[in-house]
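To keep things clear, I will list the structure first and then write my remarks on it.
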Amino acid sequence: MLAYDTLSRAEIKLDLDPSRVVRVFVCGPTVQDSFHIGHARTYAFFDSVVKYLRIRGYSVFYLQNITDIDDKIINRAKEENVSYDVISKKYTQEYFDLMKALKIDSVNFYAMATRHIPEIIRQIGILVDRGLAYETSDGVYFSVMKFPDYGRLSGQDLDALRTGARVDSSEEKMDPRDFVIWKKMKPGEPYWDSPWGKGRPGWHVEDTAITEKYFGPTYDIHGAGTDLIFPHHEAEIAIERSISGEPYLARYWIHSAMINVNQEKMSKSLKNYVTIRSVLEDYLPEELRYALLNAQFRSNVNFAPQLMNEARANINAINTLYEKLKFDLKNRASRGNNPFITIFTEIFENGLDFRNLFKNLLLQVNRWNSEFGSIGLIQKEFALEAIEWVDSFTGILPSGKGDSSGDELIALLLKLRKSMREKKDFAGADEIRKSLREMGITIEDRGEETIWWKS
RNA sequence: GGAUAGGUGGCAGAGCGGUUAUGCGUGGGACUGCAGAUCCCAUCUAUUAGGGUUCGAAUCCCUACCUAUCCUCCA
Numbered sequence: 003m004l005a006y007d008t009l010s011r012a013e014i015k016l017d018l019d020p021s022r023v024v025r026v027f028v029c030g031p032t033v034q035d036s037f038h039i040g041h042a043r044t045y046a047f048f049d050s051v052v053k054y055l056r057i058r059g060y061s062v063f064y065l066q067n068i069t070d071i072d073d074k075i076i077n078r079a080k081e082e083n084v085s086y087d088v089i090s091k092k093y094t095q096e097y098f099d100l101m102k103a104l105k106i107d108s109v110n111f112y113a114m115a116t117r118h119i120p121e122i123i124r125q126i127g128i129l130v131d132r133g134l135a136y137e138t139s140d141g142v143y144f145s146v147m148k149f150p151d152y153g154r155l156s157g158q159d160l161d162a163l164r165t166g167a168r169v170d171s172s173e174e175k176m177d178p179r180d181f182v183i184w185k186k187m188k189p190g191e192p193y194w195d196s197p198w199g200k201g202r203p204g205w206h207v208e209d210t211a212i213t214e215k216y217f218g219p220t221y222d223i224h225g226a227g228t229d230l231i232f233p234h235h236e237a238e239i240a241i242e243r244s245i246s247g248e249p250y251l252a253r254y255w256i257h258s259a260m261i262n263v264n265q266e267k268m269s270k271s272l273k274n275y276v277t278i279r280s281v282l283e284d285y286l287p288e289e290l291r292y293a294l295l296n297a298q299f300r301s302n303v304n305f306a307p308q309l310m311n312e313a314r315a316n317i318n319a320i321n322t323l324y325e326k327l328k329f330d331l332k333n334r335a336s337r338g339n340n341p342f343i344t345i346f347t348e349i350f351e352n353g354l355d356f357r358n359l360f361k362n363l364l365l366q367v368n369r370w371n372s373e374f375g376s377i378g379l380i381q382k383e384f385a386l387e388a389i390e391w392v393d394s395f396t397g398i399l400p401s402g403k404g405d406s407s408g409d410e411l412i413a414l415l416l417k418l419r420k421s422m423r424e425k426k427d428f429a430g431a432d433e434i435r436k437s438l439r440e441m442g443i444t445i446e447d448r449g450e451e452t453i454w455w456k457s
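Residues 3 to 457, numbered by our numbering, are exactly what the first sequence covers, in order.
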């Protein structure tokens, strides 16, 4: 399986040991505000990648952190005049609700930062003891000068960083590039006790403390959005190597690109922030997943109406064929070696290429449709199985409304409609079709019989 | 200014030295009682600009211009 590795700056073969647990860590969100489709892209992508690995027989432990203490959370709490954890709990819940809605359910464990304070303090202690971090009046900082490899992952030149005008050079930091690993509390702020006084952890150590606890000093795949490469992952590498001596805390670094709106990255100041919730008001979760996955993961995706419309059209085409196949294959039989799955596997593993996978699925859907009347049951079995296989990790088939409580009513209505059509009462028949449509039922006349499904 | 990706038809987006991908959109047709879905055909006759290498370039090299992301919290 090939994938682009940020550290190698090349597409490389992922060498994973099938006899051991594959350890995957993806940076989770800071629970400070509503979540947007950028979050959805990153988490849907890794959700599908992990599910794929599992399909291929790997046992994957997928760990994600949740940053539930942070300046932004504190500021938000101040604005709303509530305790910080009112904010963090509210948005943690929203996050989980949205992930569920998007069928992102492959994470084994969500690690809250505030539940790992002892581990964080332990790591900071080691860094201070070794002279790699120092204390000031407002916190503890990691000294970047002591870590010559800083910048390796992101291709940043340390000297260029030094001259960069936008680096925050305030306070008593020895070097403007140094990053905070412990923030001392200001009056009224939440705090935990530490050898450096009351305060809270900095962002970067949070993740290294968590991954070290569950995975040890190294693990297999570290994922996140590209915007976290610098300084966050750079800092993680600096911290963990300083502690463990292992070169890089993860063997492979996979970063998914950004979602843009009007060709610009979403941001609050530009007011081009598209929330997951707002998209789900108009589109199915599966349509969103398709739209977000349907790109090479290293390419920025511009979010526009056409993107969602295209997703809707394609999802509909796949789903329609899927329903028709299911109708024809009431008694399923497993056929073994499915040639389509073999092809799709090869396509996908060439760079985790969801876009190419979908493209080829669609090409097949077109062929299956055009030959629908003439292909045999075995081919239909293969087709159905192949579609389900793709869905099993991409999650693009509409789940529909699971309950079958209305099925009898639908059958009755269709029977009624059939007799109306026989009597040429097309106005009445169309009225029934229209009502079913409003109930979310799609029907298709096929000679004598009419098939239907929920959509 | 530095780092990293790019600049392909109305839009999205493959191809990475030699068969004018593909999807969406649009137009026409088939099927249907009709509609949708589906299928067929077509359309758009595209490769930022200028040099170069080559028998041959969207694909390699040079120059220019342009765009996005990162260099600050960020998925």
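Note that CB positions come from ideal geometry on N, CA and C, so glycine has one too.
Buried or exposed (CB count within 10 angstroms, at least 16 for buried), residue i
i           : result
residue 289 : buried
residue 167 : Below a pLDDT of 50, predicted positions are generally treated as unreliable, and residue 167, at 49, falls in that range; no measurement from the model is reported.
residue 67  : buried
residue 84  : exposed
residue 214 : buried
residue 204 : buried
residue 400 : buried
residue 308 : exposed
Extent of the continuous beta strand (DSSP E) to which residue i belongs
i           : result
residue 258 : 252–258
residue 27  : 24–28
residue 15  : 12–15
Reduced DSSP secondary structure (H/G/I, E/B, other) of residue i
i           : result
residue 452 : strand
residue 7   : strand
residue 65  : strand
residue 263 : strand
residue 300 : coil
residue 220 : coil
residue 226 : strand
residue 400 : coil
residue 446 : strand
residue 194 : strand
Residue of the options minimising C-alpha distance to residue i
i           : options            : result
residue 2   : 236, 155, 195      : Residue numbering for the chain in the displayed model covers 3 to 457; residue 2 lies beyond these limits and cannot be assessed.
residue 223 : 15, 423, 26        : 26
residue 260 : 410, 231, 77       : 231
residue 336 : 381, 299, 374      : 381
residue 138 : 187, 245, 214      : 187
residue 40  : 13, 276, 113       : 276
residue 227 : 446, 452, 11, 31   : 31
residue 211 : 13, 65, 430        : 65
residue 70  : 253, 29, 181       : 29
residue 43  : 114, 24, 106, 360  : 106
residue 38  : 200, 365, 76, 267  : 267
residue 301 : 355, 334, 339, 329 : 355
residue 441 : 450, 424, 412      : 412
Opening and closing residue of the alpha helix (DSSP H) in which residue i lies
i           : result
residue 291 : 287–295
residue 182 : Where residue 182 is concerned, there is no enclosing alpha helix (DSSP H), although the beta strand (DSSP E) it sits in stretches over 181–186.
residue 201 : Not the alpha helix (DSSP H): residue 201 falls in the beta strand (DSSP E), residues 201–203.
residue 430 : 428–440
residue 282 : 278–284
residue 409 : 409–424
**Report entry** Residue ranges of each alpha helix (DSSP H) within the segment 97–178, 4 or longer
**Finding:** 119–131, 160–165
Query - Contained beta strand (DSSP E) runs [length at least 3] in the segment 42–94, N- to C-terminal order - result: Here the runs fully enclosed are 62–68.
Requested in this report: Entirely within the segment 306–394 and at least 4 residues each: give me those alpha helix (DSSP H) ranges in chain order.
Outcome: 307–330, 341–351, 356–372
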